[in-house]
Every structure is written in C-alpha cells, then in structure tokens.
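2 protein chains.
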Amino acid sequence: MLTSRSVLRALALAAALAVSTQAPAQSAAPRRANAQLPAPTYKPEFGTMWTFDAPPIDYWRRTYGFAPDQKWLDHVRLASVRLPNCSASFVSSRGLVMTNHHCGRECTASSSPPDSNYIQTGFAAGTLADEKKCAGLYVDQLQSIENVTARVRAAITGTTPAEQAAQRTAVIGQIQTECNQATKLNCQVVSLYQGGIYSIYRYRRFNDIRLVMAPEGDIAFFGGDPDNFTYPRYDLDLTLLRVYENGQPYSPPDYLKWSAAGAAENELVFVVGNPGSTGRLNTIAQMEFLRDVGYPASLAAYKRSLAIYAELAKTDTSAARRYQNDVFGVANSQKAVTGYRAGLLDTASMAKKRAFEQELRARIAADPKLQAQYGGTFDAIANAQRELASFNPQLRYYSFGGGSTLMQLAAGLVRVGLFANAPDSARLAQYRGPGLENIKKQILAPTPIDTAFERLAIAAQLRAAQSELPASDPFLRVALGGQTPEARAAALVRGTRITDPAVRQQLVQGGAAAITASTDPMIVLARAIDPLNRTQLARANALNAVIATNSEKIGQALFAAYGTALPPDATFTLRISDGLVKSFPSNGTIAPYKTTFYGLYERSASFDDKDPFKLPKRWVDRKANLDLTTPYNFVSTNDIIGGNSGSPVINKNGEVVGLVFDSNIEGVSNRFIFSDAVGRTVSVHSRAIPEALRKMYDGARIADELQGR
Amino acid sequence: MLTSRSVLRALALAAALAVSTQAPAQSAAPRRANAQLPAPTYKPEFGTMWTFDAPPIDYWRRTYGFAPDQKWLDHVRLASVRLPNCSASFVSSRGLVMTNHHCGRECTASSSPPDSNYIQTGFAAGTLADEKKCAGLYVDQLQSIENVTARVRAAITGTTPAEQAAQRTAVIGQIQTECNQATKLNCQVVSLYQGGIYSIYRYRRFNDIRLVMAPEGDIAFFGGDPDNFTYPRYDLDLTLLRVYENGQPYSPPDYLKWSAAGAAENELVFVVGNPGSTGRLNTIAQMEFLRDVGYPASLAAYKRSLAIYAELAKTDTSAARRYQNDVFGVANSQKAVTGYRAGLLDTASMAKKRAFEQELRARIAADPKLQAQYGGTFDAIANAQRELASFNPQLRYYSFGGGSTLMQLAAGLVRVGLFANAPDSARLAQYRGPGLENIKKQILAPTPIDTAFERLAIAAQLRAAQSELPASDPFLRVALGGQTPEARAAALVRGTRITDPAVRQQLVQGGAAAITASTDPMIVLARAIDPLNRTQLARANALNAVIATNSEKIGQALFAAYGTALPPDATFTLRISDGLVKSFPSNGTIAPYKTTFYGLYERSASFDDKDPFKLPKRWVDRKANLDLTTPYNFVSTNDIIGGNSGSPVINKNGEVVGLVFDSNIEGVSNRFIFSDAVGRTVSVHSRAIPEALRKMYDGARIADELQGR
C-alpha cells in the first residue's frame, strides 16, 4: 500500500523535512526527527489535545515524571465515552455515566412528568426502577484507532480538487462500510492535521440510556449568562445517566473509580474527552481573516440581535421570557467569539504563531521539490482570504439573514419552486437529494411568526446593509425599494401572506409558475435576492475550495515536519490532555484553584438572591446539612474546547477528581493559540458530587455507587 | 483688594472666557457662564471631589433629585475629621472616631503591652478606662474656608518666577500666622486649581486621642497584597478611636448617626474625606511624560527592588519576614503606579482629555489678550517635559538611589562635609537652615546595615545604569571603576568602613578636609557622583520651575473658564464626592455591589486557609455566632484617592452606611481621568461593624454607642 505516487511524495517530503518516515500508526511515542536535525519539540502554543494512538509519553515523563503504560491508557480510553454532542465517562461498576447537566438537558426535560419539569425541580431516582429512559440518546465507546492514511491517499488519483474530493469521499465511505460490516461497530474515518493523516475510529454504541440524577437547572447553571465562561464558579453542572443492556444495568469492564480526596492544588490531572473544533493549524492569513473580517461581522450581528430582544422586552413583558433561550444563546456566542478574537488580537501570541509559520515556510522554501509542491499553499490561502474579505459585506447581506423567519420561509419557497424540476447539479447543495423534501416539510410546518420581532429583525438587517454597502448597491435597491429600513420592514411584514401555512402550501404546490407569478411582497423580494445571493455563494464556495485544498497540503507538510509532537486540531474525537490544578492571576489578585460551597452562598447573598443567582429551594432549606468547606469547582491548565463538556478529570491513578463543564473567559482565546498562563478548564470537584447527592438529593444510593461503597 | 494689576488681569480673562466674575467665595452654587455662551457643564472626567465651599447643588438636584441645604453640609463637614495621613469621622455623641485599621496602625502597635501585639491579637477596650492613649496622634476638624486669592495675588508683584515664589510663600505665611493668632485655630492656606484660587482652611485640633478598638491585622487586611486594590473584598479595615477633652470623652455637637440598613444597591451615597493628590488638571504633555518616562522608570525600579528581596529570601529565611513591610510597600506602589499608568494608556480617556485641552487652547487662542498671556503655557510645559525626558536616565542614575543605605550615608557625609562652612544659598535645599543638623543626626544614628542587601541593591542599580546609559557615560566610568556591577558592589561593601557609626562620626567632625582626604571607597565614589548629581538636579529644578509657573497660569485660565463646575485637584483637604452603590462588569461577569461574611469564609477556604487568607483564631472559633449573610464590604462610584482612607460613606440623611478603605484596581487609573464605568470605591459596610463588634469582640458597649442604643 505504500507504493502509490502520493504516498511516495509524502515520503519524499518527510525525508526532506528530516523527520521520521515511519507510518504514524498506533504508538505510545511521539514521532521524532532523525539524528541530523534537532528533534521537533513540543510546542505549547499548539496545546495538549493528544490522540490515544500517539500519547506524548516522553514529554509527560520529562515534565511530570509520569509515564502511563498502555494498560492505563486503554483503561482510561474505554472508561471514557461520547454522547451525541458531549463527552462523558463510566463511573461505576453498574454502568453509571457522568456528564454535564446541559448534556443531559433534553433527556431531563423530556423525562419530566406532565405536571412538573425536572429542569426546574431536579431529579434523583430513588431506585433502579425510577430511572427514566432517555429516548434517542446513545453513548459511543471508542474501541480502537487505525491509521488509514495510505489507503485514503492511494485512492486519490484525480488532478482537480473536485475529482479528488469525490475520490476521498468514496474511499472513506468504503472504508467505513467495510469496517461496520466486519466489526459490527460504528466506524468513522477522521481527518487529522487537515488531511495530514486519516484514522478510522471504531465505536461500540449503547442505545439504552436512562436518567439517574440531574440537579435543578438553577444550581447546575448557577450564575447563568453572566457567570458563563468565568471563574470563580459555583455550578453543579452534572447529569448522571446509566447504560442498560438487555434491560439490566450494564457492567462496564472499564470504569473510573472515584477519588476520595479529589483534585488537590498543583496536582497533575488529565482531561479525557472529545474537543469539538480548534484552529491551531490555521495559517496566519486565515486567522487574520477571522480577526479582522469574520469575527467582527459576527459580533456586530450578535449585537443587533441582542438589541432586538431588548427592544421587544421594552413593550412586551412576555418577550423577555419567550426569548430567554435565544438571548442566552446569542450572549454565549458573543462571549465565545469575543474570546476567540481576543486570542487573535494578542500580539505576543500572534508573533509566536507567525514565527512558527515562517520557520515552516523557510524549511519548505529551502528544498526545491518541496517548494514546488507546497511553496504556493500559504499564498494561495492568503489570496483566497483576501478575495473573500473583499466581498464579505455582499456575501453577508445579499442573503436572507438577520434572524427573520419570514425571510427564511420566502427564500425556501422561492428555491423549492425554482429547483422543483431542476437536476441536483443545478440546485444549491442543501436542496439536493432528500434535502428538497426536508426543506419543504420545514416550510409547511406551522411555525409561529412573531410579527413584532420580524419587523425589528428585518429593519435591523436592512439598516446594517445600508451602513456597510455602497449607496448604489443593487441589493439595497431591491431590498429597500426606495423606503427607509423601518418603513420597508413594516410594509413587508404587513403585506405578506406567507405567515399562513395554507398560503405556503399553495405556493409549494404551484411550483416554479406560482413563485414566478406571486405578487406577495416577501416572495417578490426573495425572488430578487436569490440570484444575487447565488452569485456570491458560488464565488465564496470556489474560494473556500481553494482554501480547503491548500489546507490539506499544509496539513501534510506540518505532519511530515513535526509528526505527533504537535497534536492535531480538535475533531470531536477522543483526546487526553495533561494539566495541573492551578490558581491564576485575575482581576489584580489571584483566582484560587478551587471554590467551596461557602462561595455558592456568598455569590447568592451578594446578589440578594436575585436571578440568575437565586438558589433552588432545596439548597436554601437544607443548607445546614452541607459541609460548606467542601470543594465545589476547581480550575486546571488542561486544554479543552466545546465538545469537552462532561469530560472526566482524572488523576494519575485514573480516578475521577472532577467533571469538566466550562472554560474561564481567558481560556476561550485558546481556540487558535494555546496558553496556560491564565486560561483554565473549569470543573466540578469530585468531592462536591457525593456531598450534594447525600445532603441535598437523598441520593445515598447513587453516592454509594459512585464511591464504591 | 480687587484693584491690583494681576486681579484685573484675572477679571479680564474671566470676562473673555465668558464665565462668572464673582469671586469664588463660599457659595452652594457652582459658578456659571453668562447667558451669551453655553454654561460650562459638569465634566465627568474631572471627577467629583467637590470642596465644601462650592458644592454642586444644581448638578446633584438634576442628577439625583437631592439638594442638601447648608445645615446638612455644615453638619457633615463638622462630623468629618482629618488624621495626619487619613480621613475619619465622629460617629457617636461621646466622641468615637471611625477610621481605617492602617490609619490607626501606629497607635495600635505602640499601645500594645510588652508581651503582645494588638496588630496580631486585635484590641477592644472593655471600658472607658481601658482605652489607650495614642501618643502624638491628633484629629483636625475643619471649621471654615475662606477664599484669599485676591490677597495672595495682590502680594505677588515680582516678575521672575523666583521673586513670585518668594512673595507667594511670604504672603501665605503671613495669612496663616494672622489667622492662627486671631482664631486660635490651625490655619492652612491651600492652593487649588494649581494656584487658580487660594483658600484658607481653619481647623480645630484635638490632641487627646485614644484607641478604643482595632481588629486583628489579618482580618483588617485579609487577602494581603494580592487582594490590595481589588474587589470583591472581605476586610474589616477599621480602627475606632475616641477624642478626649480635659480627660473626658469629648461630645461633638456634630457626629454621624449610624444607618440601620446600611448601603443598599443603587443608593446615592457621599464620601466625605481628604483625597491626597490627583493630576486631572495636568496637561497632556505632563501626562505623557509620566506615561512614557516617569512611570515606566518607577515600575522598573520597583521590579528591581522586588527581585532583590526575592533573591535575599532565597538564602536567608529570616529576610522574608524582615522585609515583609518593605516588600508590601513596593508591591503596593507597583500596583498603584501600574493603575495610574493604565489610565494614561487608555486611548479613549486620553482622547477625551486631549479634546478638552484643545477646546481650552482654542478659547485662549481666539482672544489676542489671552493668547499673549496664556497662549504659551501649554507649549512651555511641553518643551520642559521634553527636555526633562531627554536626560531622565542621567537624572535618575547620577544619584545615590537604588535603596542602598550605604550610598545614602556616603552622600550625606560628603555633603555635610562640603556644605559645613558654605552659605545656605550654596547648599542643596534640604541642607539649608536646620536641615543640615537633621541630616547629621540621621547619619550618626546607629542604622543597621544589611550587607547582603547592600551588595544586591548597589549591583542592581549599577546594572540598570549600565543598561540605560551609553557605554561612554561619565557616571558609569566612576561608578563602575572598570569592574562588573557585581564585583564593584562587593568591593564597595567589603571595603567601606562607614558601616561603623564611629567612623561616620570622625568624618562629620573632620569636615570638608576629612571628606576630601578620605580613601574609603564609598566616600570616594560619593565624592565623584556629587557634582554629576548636582548638575542634573539644577537642570531639572529649573525645568520644574518652568512647569510650576505655567501650571499656575493654566490653573487660573481653567478656573476662570470653568469655575467650580470642575472640582480642583485633590489637595488633602476636605471634599465631598457623590456616587451610587453599584455593581460593575468584571472578569467577564458582574462584581456584586456587596460581599457578605460568607465570602470571607469562602476566600479563606478556597486558599486552604493559607496566608494571607488565614483567618484569625477568633474568626474561626466564633464563626457560628456570626450571621454570615451580613453585608461586609461594598462598592460605590464615589471619587476617591489616597488620603480618603477612613472616610465615612453617608446616605442622604447623613448617616454612616460605610467606611472607605480602598479602590478597586480599575479605580486606580482614575488619578488623571475619572470614570465610573468600572472604577469603584471599596468600603466596609456599616452593618458589618456592629455585627463583628458584638459577635467577635465582646464589644456590645461600643456597638451600642455606635448604634445609639
């Protein structure tokens, strides 16, 4: 299999960059350079999201004097599981699974009896029989990893990006299907290092998952939006589930035992979980685009959204409650993106990244063969990003954005009509194959329309377009129709009849002819925007394909040069990250490594018990039961990101010392360039969980099980 | 008195700048512009340190709907007192005075019995008889203010800065002496608005002050250096003193009653106290000098000092304790100066300041007469600052600095010798008149010399000089004598005999001849540095005189233009500042308006009760007594700075709701440009004080007195 042209190219590259030519297969040792050149060393700015097939044993030994063996690693891997959107772990011999409150939220809500809501009241099953089935929830356990780079690359023989993409998709599908059939496992090919290597991840899936315990939302998410992404923190962000097999609790051969002491200051701890997405291998050009164009646009849009919700709340007292989740979602994104961007605005971090890129480019430039193959990649990406930036306002505003449901419905109606009899190749991607019918269903669903919101959202979007696009812009002409944004939005919302599902039904049934003939103002507008939008999309898609192709090449060059000394970007697959339990400088003083239950009562009292610092009744009534000095939350320098929610924090003995649930605001900027100076992972301390179970939730049964009593 | 030439000039200026020509005498209304031009409005960036003879009643009425009458103002003024370095207030009918723990520290320490230290143990007098006399402490109560600008200005008829300065000093002395004799009060002429106006402040002085209660230093200053200048905070920074008269408790006609509820969120509160020094009227050139030259140099020096202490602590375990206060002092300055500089680095604030200065300069430039008189002032200051910056390294290093006691002793010996028979005019200022004898006394005192510290301090100073001065610099030649800084420092410390007071005595007695003949290496070095140092000092003094003269002119122009709509810079005289009790955005979330006793126990527990988060034994043993929900510290938007320590915070009824003890780190940057966005005054909540007295200190007697029971 190591005979194809592209593999040979990769070998030549690796030799030229003076690193190991061993296949990056399962191995406990990171790849090393050969003797002639300095070994590629661990680079802290790339973080510590290590894969289980390349744990940096030498680095750990050097740094911490700890070198786990394969048995330790296998045990930890098998005890760690993945939920559809979160991480989790087996924490008892009878299949208890620990994750975050927000990861189990859907099950907790849907398990509630009709007259109550467990999100508000909390829930703790008194007996096994009380545990509630979580419909649709599943748990994936990673059985093995195999490097399939050679096979993937051998199959890619085409010369155009499109041909190559099709071949890649085909061979990946083939590998997965073969694996599924051969192993009866759930197999997924993962592209690491932007395509630098491909690995197949084989999962055992458990489908019978039941809710054992979830505290009140008000304690799980104490501090709400303000405290989100911050520390010191006081959250019991916990759900306990149980895996069943054949109607009985499943007994996992590998589960994490509970640490009696829990996380101690300066202790070495590991986070095992599934980080979703990072951008540490991005080029400077990609980062600068996000910093200067992409993120500022997102932040401006969040600001507009929040202003709309605030405006609605002024006149409609129920709006605040109705839009609470939306406001929280936007505020959360705003905080996260502000944090991501903060990392890119940090000149010291960016200088480090720039130096790294210059070094890699110099190494490529020094070899004519490499230069021929990879020398153009960075500039190709930079040029594509520059061009994307040049029409970014058009791409954003020649659209149906701004949060208006009516705009979305109108766009769907127009396109469903126009695409009805067109071949797939002539349709936008999401309208291809079964996509068309799905979109039809969404259009015909009886979606409620909040006309007050629609007026504000459309007007805000038009105002923003007006301020960013030149006055002569064709979009502004059709979108505004000579009116002010406010008048135009009011007229559109007043004049349209697509608010009525029956009208939408007629339009869908009438096909292209009905759409073309419609005089409904929203349909007329969507018809006019559609071609403008598609032109911009096509242009952006072509440029993004250039970026993808060149990113993959850079990924190959990077992996060949540094091997697994750099962990790959996050891919929502299992990683193990080392770190220390550690306080950090904050707010002119020190943020302590842990908080205690005292702090929960302090924060509530200091806000006069006002929302979102209101304590659930149980936590007021039973306060005297609690040992207030019990450690509650703590921080460590582990490297995490969205997807790590629910990850266990373990000590050297593989025991649970905590449960990851957040990052501090300083850690959010680690998305592109990692630093443990002030960024921290925030976890529930393992001692808080049995204390709360026993003293607050009459949960001795569960606490005993966790603590192996 | 309004007939002298300079007063006429001032009147002309005021007319030209279109503001009131009323003398800025005692009045409850701020000065106003005449009708033709827009009224000079309150400018938030100049803060709210109002004088009692020009309270901004209209502004308060407009902003808060509260307009205190003269009786309220007089009562509050008379209930507020000044300690030598702090602020304080009468808080009972029997003369209890409330101030900060650190303001009473000297009395608390010196009142301790030989076998104990009240700073460590805390103290609460069980009876009147147990109250401890504070030797040397006094309390000043402001009786009245009178504007004496006209008289001061009339006396200044000279044409050179030197003549004017002498005349100013003379007339101020004369006014004070007359007042002292006439009133038997302690009278001080205060220059406000950099000489824009002069006021005489008349104080009644109380000399019999006794210690009533001081808590343990560990609770008064809980959180130590890390938490200093931060919030949330958990400090009982309190001393209670009592004023005695004729051996009996003094009954002040005006004292502040205790508020039962204490400070509530968003409540209007006033801080009444004596802010020490601000630089809000400084020109942009002055601020830029501090930002770019002065403060960076100070910060570098603090860093060197801290490195020396850290180095000493490595090998000498007792050094950490010995230098604890010094380290704290330096760390405190470092935090403060970092904060001051942060304000100057804030581009938005500086832009506001710049716009203000441009407006004032434009108003001056628009009138030829004003232009002739004041047009040159800003540029004169800018030029002087630029020149000061040009030789700032020389000014700093051609000296005896760096914290070395030996260098200071050598400098003193050399100068005492050389100046012994010289006339005052040929001496440096501090060696004139009785100064010479004072310095002699200091030189001959048996000061302990820590040779390890001396070696490090001299070497650090020489290293710093080496890195900042050109290699050919004459100072480096004499100071290093061709050696490395470390070798040179070691040789100096090893070789000198001035460590011995007897040797110093001989040198002093030997006069100029002994100094000239000395071969002691420290004396030889100091002899070589002396002329270099004096040249730099002379140059700097001349430039600083230019700045002072022009600052006074700018102060006159400013006062004439804006009157009391801008409060004058702080002068350690009584001010009243309005503000709101208010939370603020911090650390990605909200810092609550108050903390409670819960937070004290949280912060201690979260640091595992380690120093400086260690609780005094009493606070551990008696915890159960305490209502942990009692408000402990709180924040408000009042405008304070060093000197305000111990100021009462009062509500609209003139009742005590708190005791000022600090600023948050964001508030430190208010020194030059005030903003209440995130800067906050930090105070002990009035409810915490009786709670602690009753539950912790067996102090019901004192609590009852405070609460008027």
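Just so you know, the protein sequences line up as chains A and B, in that order. Numbered according to our numbering, the first sequence spans residues 1 to 709. Numbered according to our numbering, the second sequence spans residues 710 to 1418. A virtual CB, placed ideally from N, CA and C, is assigned to each residue, including glycine.
1) Considering only residues of the same chain and omitting the five flanking positions on each side of Ser1286 (chain B), which have a CB-CB separation below 6 Å?
2) Name the chain B residues whose beta carbon is nearer than 7 Å to that of Tyr598 (chain A)?
3) Looking at the structure shown, is Arg242 (chain A) part of a helix, part of a strand, or coil, going by DSSP?
4) What residues of chain B sit near Asp227 (chain A), judged by a beta carbon separation below 9 Å?
5) Label Ala744 (chain B) either buried or exposed according to how many other C-beta atoms from any shown protein chain fall within 10 Å of its C-beta, with 16 as the threshold for buried.
6) Do the stretch 242 to 252 of chain A and the stretch 201 to 216 of chain A touch if we need at least three Cβ pairs shorter than 8 Å?
7) Check whether the Cβ atoms of Tyr912 (chain B) and Val800 (chain B) sit closer than 7 Å, and answer yes or no.
8) What does the alpha-carbon distance come out to for the pair Ile145 (chain A) and Asp53 (chain A)?
9) Just list the residues that DSSP pairs Ser1295 (chain B) with in beta bridges.
10) Since Pro958 (chain B) sits in a beta bridge, which residues does DSSP pair it with?
11) Below 8 Å CB to CB, which residues in the same chain sit around Leu1153 (chain B) once its five sequence neighbours on both sides are set aside?
12) Under the DSSP definition of a beta bridge, which residues are partnered with Asn633 (chain A)?
13) Could you please tell me which residues of the stretch 937 to 949 of chain B, in chain order, have their CB closer than 7 Å to any CB of chain A?
14) Okay, do the stretch 686 to 703 of chain A and the stretch 347 to 360 of chain A touch, 3+ Cβ pairs below 8 Å being the bar?
15) Does Arg210 (chain A) come out as helix, strand or coil in the three-state DSSP assignment?
16) When Cβ atoms are compared, which residues of the stretch 1354 to 1377 of chain B fall closer than 8 Å to chain A?
17) Who are the Cβ neighbours of Gly217 (chain A) in its own chain at under 6 Å, not counting the five residues just before and after it?
18) Say whether chain A places a C-beta atom closer than 7 Å to the C-beta of His1394 (chain B).
19) Just verifying my parser: in three-state terms, what is the DSSP assignment at Gly1142 (chain B)?
20) So, under 8 Å CB-CB, Tyr601 (chain A) and Tyr1307 (chain B) are touching, yes? Tell me the CB distance rounded to an integer number of Å.
21) Nearest chain A C-beta to Thr1338 (chain B) closer than 7 Å, yes or no?
22) Assuming Val1344 (chain B) contacts Arg1389 (chain B) under a Cβ cut-off of 8 Å, what Cβ separation, rounded to an integer in Å, is found between them?
23) Return the first residue and the last residue of the alpha helix (DSSP H) that Lys1078 (chain B) is part of.
24) Give a yes or no on whether 7 Å exceeds the smallest Cβ distance from Thr573 (chain A) to chain B.
25) Give the C-beta separation of Pro1399 (chain B) and Phe607 (chain A) to the nearest angstrom, bearing in mind that I take them to be a contact with Cβ-Cβ under 8 Å.
26) Give every residue of the same chain whose Cβ lies closer than 8 Å to the Cβ of Tyr138 (chain A), excluding the five residues on either side of it in the sequence, and list them in chain order.
27) Suppose contacts are defined by Cβ-Cβ distances below 7 Å. Is Val1290 (chain B) in contact with Glu976 (chain B) by that definition?
28) Suppose you measure from the CA of Ala411 (chain A) to the CA of Arg494 (chain A); what does that come to, to the nearest Å?
29) Using a 10 Å radius around the Cβ and a threshold of 16 neighbouring Cβ atoms, would you call Lys695 (chain A) buried or exposed?
30) What did DSSP end up calling Glu1414 (chain B) once you bin it into helix, strand or coil?
31) Do the CB positions of Phe289 (chain A) and Gln385 (chain A) come within less than 7 Å of each other?
32) My guess is that Ala874 (chain B) and Val1366 (chain B) are in contact by the Cβ rule of under 8 Å, so how many angstroms apart are they, rounded?
33) Could you tell me the alpha carbon to alpha carbon distance between Phe603 (chain A) and Tyr943 (chain B), rounded to whole angstroms?
34) Examine chain A for any beta-carbon lying closer than 7 Å to the beta-carbon of Lys1303 (chain B), and answer yes or no.
35) Can the beta-carbon of Phe1436 (chain B) be found closer than 7 Å to that of Gln1117 (chain B)?
36) In chain order, which beta strand (DSSP E) runs of at least 3 residues are fully inside the stretch 146 to 215 of chain A?
On the basis of the data shown:
1) If we look at Ser1286 (chain B) and ignore the five residues flanking it on each side, its Cβ neighbours are Thr757, Met758, Val980, Asn1347, Asp1348.
2) Near Tyr598 (chain A) (Cβ distances below 7 Å), the residues of chain B are Tyr1307, Tyr1310, Glu1311, Ala1314.
3) It is a strand residue.
4) Within chain B, the residues whose beta carbon sits less than 9 Å from that of Asp227 (chain A) are Gly1297, Thr1298, Ile1299, listed in sequence order.
5) Unreliable placement is indicated for Ala744 (chain B), whose pLDDT of 32 sits below 50; the coordinate value is still reported in the next sentence. Around the Cβ of Ala744 (chain B), a 10 Å sphere holds fewer than 16 other Cβ atoms; the residue is exposed.
6) Enough Cβ pairs lie closer than 8 Å, so yes.
7) Cβ atoms of Tyr912 (chain B) and Val800 (chain B): not closer than 7 Å.
8) Their Cα atoms are separated by approximately 7 Å.
9) Among the bridge pairs identified by DSSP, Ser1295 (chain B) is matched with B:Thr1298.
10) Partner(s): B:Tyr953.
11) Excluding residues within five positions, the ones whose Cβ falls inside 8 Å are Pro1210, Arg1213, Gln1214, Val1217.
12) DSSP output for Asn633 (chain A) lists A:Val684 as bridge partner(s).
13) Residues of the stretch 937 to 949 of chain B with a Cβ closer than 7 Å to any Cβ of chain A, in chain order: Phe938, Thr939.
14) Because the criterion of three Cβ pairs below 8 Å is not met, the stretch 686 to 703 of chain A and the stretch 347 to 360 of chain A do not touch.
15) Secondary structure at Arg210 (chain A): strand, using DSSP grouped into helix, strand and coil.
16) Here the close residues are Asn1373, Ile1374.
17) Cβ neighbours of Gly217 (chain A) beyond the five flanking positions: Ile119.
18) No, no contact with chain A.
19) Coil.
20) The Cβ separation is near 5 Å, so the contact holds.
21) Taking Cβ atoms only, chain A reaches closer than 7 Å to Thr1338 (chain B), which makes this a yes.
22) About 4 Å separates the beta carbon of Val1344 (chain B) from that of Arg1389 (chain B), a gap short enough to meet the 8 Å contact definition.
23) Element bounds for Lys1078 (chain B): 1077 to 1083.
24) No, its Cβ sits nowhere closer than 7 Å to a Cβ of chain B.
25) Contact doesn't hold; Cβ gap of about 23 Å is too wide.
26) In its chain, beyond the 5 residues on either side, Leu83, Pro84, Arg205, Phe206, Asn207, Ile209 have a beta carbon closer than 8 Å to the beta carbon of Tyr138 (chain A).
27) Yes, these two residues count as a Cβ contact at 7 Å.
28) Counting only the Cα atoms, Arg494 (chain A) lies some 18 Å from Ala411 (chain A).
29) When all chains shown are included, Lys695 (chain A) counts as buried.
30) Glu1414 (chain B) falls in the helix class under three-state DSSP.
31) It is a contact, given that the beta carbons lie within the stated cut-off.
32) Contact doesn't hold; Cβ gap of about 44 Å is too wide.
33) The amino acid at residue 603 (chain A) is misidentified as Phe; the sequence shows Arg. Answer to the nearest angstrom: the Cα atoms are 13 Å apart.
34) With its beta carbon less than 7 Å from one in chain A, Lys1303 (chain B) belongs to the interface.
35) Chain B is shown only over 710 to 1418; residue 1436 (chain B) falls outside these bounds and no answer can be derived.
36) If we require 3 residues or more, the beta strand (DSSP E) runs fully inside the stretch 146 to 215 of chain A come out as 186 to 192, 197 to 206, 208 to 214.
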